[in-house]
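A.B. asks:
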Amino acid sequence: MTNRRDFVKKVTASTAAVALFPKVSFSQVINANDHINCAVIGVRSRAKAHIKAIHADTNAKILYNCDVDDVILEDHNIWCQENIGYVPKVEKDFRKILENKDVDAVFIATPEHWHAPMAILAMQAGKHVYVEKPCSHNPHENELLVAAEKKYGKKVQMGNQQRSAKTSILAIKEIEEGVIGDVYKGEAYYSNNRGSIGKGNIIEVPSTLDWELWQGPAPRKAYQDNVHPYNWHWFRNWGTGEIHNNGTHEIDICRWALGVDLPESVTSFGGKYTFDDDWEFVDNQQVTFQFKNDKFITWTGHSRGLIQPKRPGRGTTIYGSKGSIMLDRGFYRLFDLQGNLIKEELEGAKSTGTDTRGESNLDVNHVANFFDAIRKDTSLRADIKDASISTMLCHLGNMAQDTGEKLTIDSSDGKVLNSEKAMKSWKREYAAGWEPKL
145 MTNRRDFVKK VTASTAAVAL FPKVSFSQVI NANDHINCAV IGVRSRAKAH IKAIHADTNA
205 KILYNCDVDD VILEDHNIWC QENIGYVPKV EKDFRKILEN KDVDAVFIAT PEHWHAPMAI
265 LAMQAGKHVY VEKPCSHNPH ENELLVAAEK KYGKKVQMGN QQRSAKTSIL AIKEIEEGVI
325 GDVYKGEAYY SNNRGSIGKG NIIEVPSTLD WELWQGPAPR KAYQDNVHPY NWHWFRNWGT
385 GEIHNNGTHE IDICRWALGV DLPESVTSFG GKYTFDDDWE FVDNQQVTFQ FKNDKFITWT
445 GHSRGLIQPK RPGRGTTIYG SKGSIMLDRG FYRLFDLQGN LIKEELEGAK STGTDTRGES
505 NLDVNHVANF FDAIRKDTSL RADIKDASIS TMLCHLGNMA QDTGEKLTID SSDGKVLNSE
565 KAMKSWKREY AAGWEPKL
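For the sequence shown, my numbering gives the first residue as 145, with consecutive numbering after it.
#1: Residue ranges of each alpha helix (DSSP H) run of no fewer than 4 residues wholly in the region 470–540, ordered along the chain?
#2: In whole angstroms, what separates the C-alpha of D354 from that of N542?
#3: Run through the region 370–398 for me and flag every whole alpha helix (DSSP H) of 4 or more residues, listed as ranges in chain order.
#4: What do you reckon, are the CB atoms on L537 and R399 nearer than 8 Å?
#5: What's the C-alpha gap between D248 and R364?
#6: Note down the Cα distance separating N227 from L217, rounded to an integer number of angstroms.
#7: Hey, is the region 304–317 in contact with the region 466–475, meaning 3+ C-beta pairs nearer than 8 Å?
#8: Determine the burial state of F379: buried for a count of at least 16 other Cβ atoms within 10 Å of its Cβ, exposed for fewer.
#9: Count the other CB atoms within 10 Å of the CB of S465; is the residue buried (16 or more) or exposed (fewer)?
#10: Under the rule that 16 or more other beta-carbon atoms within 10 Å means buried, what is L478, buried or exposed?
#11: Give me, in chain order, the residues of the same chain whose beta-carbon lies closer than 8 Å to that of F165; leave out the 5 immediate sequence neighbours on both sides.
#12: Once the 5 residues before and after E489 are set aside, which same chain residues still bring their CB inside 7 Å of it?
#13: Under three-state DSSP, which class holds W443?
#14: In the structure shown, what three-state DSSP assignment does K205 receive?
#15: G383 and W376 - do their beta-carbons sit closer together than 8 Å?
#16: Using a Cβ-Cβ cutoff of less than 6 Å, which residues in the same chain neighbour F419 once the five nearest sequence positions on both sides are dropped?
#17: Tell me which same chain residues have a C-beta within less than 6 Å of the C-beta of Q172, skipping the five on either side of it?
#18: Go ahead and label I486 buried or exposed: buried means 16 or more other beta carbons lie within 10 angstroms of its beta carbon, across all protein chains shown.
#19: Could you check the C-alpha separation between H393 and S335 for me, to the nearest Å?
#20: Following the continuous alpha helix (DSSP H) through H179, name the residue where it begins and the one where it ends.
#21: Nearest-angstrom Cα distance between D480 and K343?
#22: Looking at the C-beta of W400, does it have a partner C-beta in chain C at a distance below 8 Å?
#23: Quick one: residues in its chain with C-beta nearer than 6 Å to the C-beta of H446, no 5 flanking neighbours on either side, listed in chain order?
#24: So, is D246 buried or exposed, given that buried needs 16 or more other C-beta atoms within 10 angstroms?
#25: Which full runs of the beta strand (DSSP E) of 3+ residues lie inside the region 185–271, going along the chain?
#26: Can you find the residues in the same chain that come closer than 6 Å, C-beta to C-beta, to A332, ignoring five residues on each side of it along the sequence?
#27: When the Cα atoms are used, what is the spatial distance from A612 to V212?
#28: On the criterion of 16 or more Cβ atoms from any shown chain inside 10 Å, does W322 qualify as buried, or is it exposed?
#29: Can you tell me where the alpha helix (DSSP H) with Q359 in it begins and where it stops?
#30: Under 8 Å between the Cβ atoms of K462 and I469?
#31: From the DSSP output, in three-state form, read off A566 for me.
#32: Since A332 is in the beta strand (DSSP E), which residue starts that stretch and which ends it?
#33: So, with DSSP's three-state summary, where would you put T311?
#34: Within its chain, find whatever has a CB closer than 7 Å to the CB of K416; leave out the 5 residues flanking it on each side and keep chain order.
#35: Give me, in chain order, the residues of the same chain whose beta-carbon lies closer than 6 Å to that of I346; leave out the 5 immediate sequence neighbours on both sides.
#36: Taking just the CA atoms, how far does G467 sit from N572?
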């Protein structure tokens, strides 16, 4: 209700409805105006957190579960009955969902090569979009997403849910107020101990899987037995490596804390050190992003081989002239220059930091913010215009690693100024008929 005229219209309509249907309460009619019907696309893992967060809103409902794998859908339907008390309609082809005018918002938790093309198609169909990180498979898709949000006027939130953590929000506020002086460095890290994915065998596509639709916008590959349902992350045709899979979260928090956007230069060191398998990215990486005013961010990613000495599985440290702040999804800790703990604030909600679901109460907060933006036109905490910048940093980290060069960046648009080789990966090749367009 943005103004008095709108309010009067709603009250008049509501009063008439109550008069015609006396068993319908006034509050039910008003709340119906705020009801949001959702569809969740890609339901194996991360979607479970989405669904619980949607279900936490009493005036939102999941109309559809969508996945291209019958086995995943069947298991997910059982999970839904046990966890939210009902089973949404099932659809394998997301395009049919987009045709349904009853769907207000789509939640995208598919493999990464689908994120931007599907989000753009959803906006074109008049849907609001909650898209998992990273929001794009390549920098060109960042540009398209930002332009699409502007063109179609829809709300687009990326799933970097720590933006909705009360402790992180407090920390950023206090950093802006000068609690640790002039901030200059953000240190982001992620540590896991992933095993080998082996060397895949080309086999017949399972009858339960629509492999053609699974591939969608990606150039066609034969089906092999070590890609679906998770290890696509480590294949360039579909995934973007650990810096995107998890680094997006921590790099985003560092960028937020330092108040920076795109860097002036990027360097990356690392390699694949552990297993002789089909993994196509580095499995240990160190990236440095240099910004204006002598600010910088480092990303330390250990996919296979835990950081030693043992540290928490993920997090960030922000350094300033008067102290430092440690942040993760569960706490905010303030230290002075001597390393003494000055203050600690706890999030008060458990977060699973290194499993594939990553579920926590932060998802509830982040989805609630998305719904508020739809209903009340309030600000998104991870609007795609800003979220795409954090995603772009991760692309630049991969580009620097692949070229082996220090990349000089145009900080107005992220384009690489000194490497034609790096710019060749600005846009990918698309399967015929699937290239996203506005």
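The beta-carbon is built from N, C-alpha and C at its ideal position, and this holds for glycine as well.
C.D. replies: In terms of the structure at hand:
#1: Listed in chain order, the alpha helix (DSSP H) elements of length 4 or more contained wholly in the region 470–540 are 505–520.
#2: On the sequence shown, position 210 is the one that residue 354 refers to. On the sequence shown, position 398 is the one that residue 542 refers to. Looking at the two C-alpha atoms, the distance is approximately 30 Å.
#3: Within the region 370–398, the complete alpha helix (DSSP H) runs of at least 4 residues are 386–389.
#4: Against the sequence shown, residue 537 aligns to sequence position 393. Against the sequence shown, residue 399 aligns to sequence position 255. The answer is yes: Cβ separation under 8 Å.
#5: Stepping through the sequence shown from its first residue, residue 248 is reached at position 104. Stepping through the sequence shown from its first residue, residue 364 is reached at position 220. In this structure, the alpha-carbon of D248 lies about 32 Å from that of R364.
#6: Position 83 of the sequence shown holds residue 227. Position 73 of the sequence shown holds residue 217. So the alpha carbons of these two residues sit roughly 15 Å apart.
#7: Between the region 304–317 and the region 466–475, the count of C-beta pairs closer than 8 Å reaches three or more; the two stretches touch.
#8: Taking the first residue of the sequence shown as 1, we reach residue 379 at position 235. It is buried - the Cβ of F379 has at least 16 other Cβ atoms within 10 Å.
#9: Stepping through the sequence shown from its first residue, residue 465 is reached at position 321. Exposed.
#10: Residue mapping note: residue 478 aligns to position 334 of the sequence shown, counting from 1. In this structure L478 is buried. Its beta-carbon is surrounded by 16 or more other beta-carbon atoms within 10 angstroms.
#11: The sequence position of residue 165 within the sequence shown is 21, counting from 1. With a pLDDT of 49 at F165, under the threshold of 50, the modelled position of this residue cannot be trusted; read the value that follows with caution. Cβ-Cβ distances below 8 Å link F165 to nothing in the same chain once the five nearest sequence neighbours on each side are left out.
#12: For the purposes of this step, residue 489 is taken as residue 345 along the sequence shown, with counting starting at 1. Taken in chain order, the residues that qualify are T311, L314, F475, Y476.
#13: Within the sequence shown, residue 443 is the residue found at index 299, counting from 1. Assigned with DSSP and collapsed to three states, W443 falls in strand.
#14: Taking the first residue of the sequence shown as position 1, residue 205 is located at position 61. DSSP places K205 in the strand class (E or B) of the three-state scheme.
#15: The count along the sequence shown starts at 1 and reaches residue 376 at position 232. The count along the sequence shown starts at 1 and reaches residue 383 at position 239. Their beta carbons are under 8 Å apart, which means W376 touches G383 by this criterion.
#16: Numbered from 1 along the sequence shown, position 275 holds the residue referred to as residue 419. Annotation for F419: S340 place their beta carbon closer than 6 Å to its own, counting only its chain and skipping 5 residues before and after.
#17: Taking the first residue of the sequence shown as 1, we reach residue 172 at position 28. In this prediction, Q172 scores a pLDDT of 44, lower than 50, which makes its location untrustworthy; no coordinate-derived value is stated.
#18: Stepping through the sequence shown from its first residue, residue 486 is reached at position 342. Per the 10 Å Cβ criterion, exposed.
#19: As a working mapping, residue 393 is identified with position 249 in the sequence shown. As a working mapping, residue 335 is identified with position 191 in the sequence shown. Taking the straight line from one Cα to the other gives about 13 Å.
#20: To locate residue 179, count along the sequence shown from 1; it is residue 35. Counting along the chain, H179 sits inside no alpha helix (DSSP H), nor does DSSP assign it H or E at all.
#21: Here residue 480 is taken as the residue at index 336 of the sequence shown, counted from 1. Here residue 343 is taken as the residue at index 199 of the sequence shown, counted from 1. Taking the straight line from one Cα to the other gives about 49 Å.
#22: Protein chains in the displayed structure number just one, and chain C is not present.
#23: Numbered from 1 along the sequence shown, position 302 holds the residue referred to as residue 446. The answer, listed in chain order, is S335, N428.
#24: Stepping through the sequence shown from its first residue, residue 246 is reached at position 102. Here D246 is exposed, its C-beta having fewer than 16 other C-beta atoms within 10 Å.
#25: Runs found: 204–210, 233–235, 249–252.
#26: Start at 1 with the first residue of the sequence shown, and residue 332 comes out as number 188. Closer than 6 Å at the Cβ level, and outside the excluded window around A332, lie E394, I395, C398, W443, T460.
#27: With the chain covering 145 to 582 only, the question about residue 612 has no answer from this structure.
#28: Numbered from 1 along the sequence shown, position 178 holds the residue referred to as residue 322. Looking at the sequence itself, residue 322 is Gly, so the reference to Trp does not match. Burial is judged here by how many other beta carbons sit within 10 angstroms of a residue's own beta carbon; G322 has fewer than 16 and is exposed.
#29: Translated into the one-based positions of the sequence shown, residue 359 becomes position 215. First-last of the alpha helix (DSSP H) with Q359: 355–359.
#30: Counted from its first residue, the sequence shown places residue 462 at position 318. Counted from its first residue, the sequence shown places residue 469 at position 325. Residue identity differs from the one stated: residue 462 is Ile in this sequence, not Lys. Cβ distance < 8 Å, so I462 and I469 count as in contact.
#31: As a working mapping, residue 566 is identified with position 422 in the sequence shown. The answer is helix: DSSP assigns A566 an H, G or I state.
#32: By 1-based counting over the sequence shown, the position of residue 332 is 188. Annotation: the continuous beta strand (DSSP E) that includes A332 extends over 327–335.
#33: Within the sequence shown, residue 311 is the residue found at index 167, counting from 1. In the displayed model, T311 falls within a helix according to three-state DSSP.
#34: Here the question's residue 416 lines up with position 272 in the sequence shown. Within the same chain, K416 has close Cβ partners W423, V426, D427.
#35: For the purposes of this step, residue 346 is identified with residue 202 of the sequence shown, where counting begins at 1. A366, Q368, listed in sequence order.
#36: Counting from 1 along the sequence shown, the entry for residue 572 is found at position 428. Counting from 1 along the sequence shown, the entry for residue 467 is found at position 323. Note on identity: in this sequence residue 572 is Arg, with Asn being the wrong assignment. Their backbone Cα atoms lie some 43 Å apart in a straight line.
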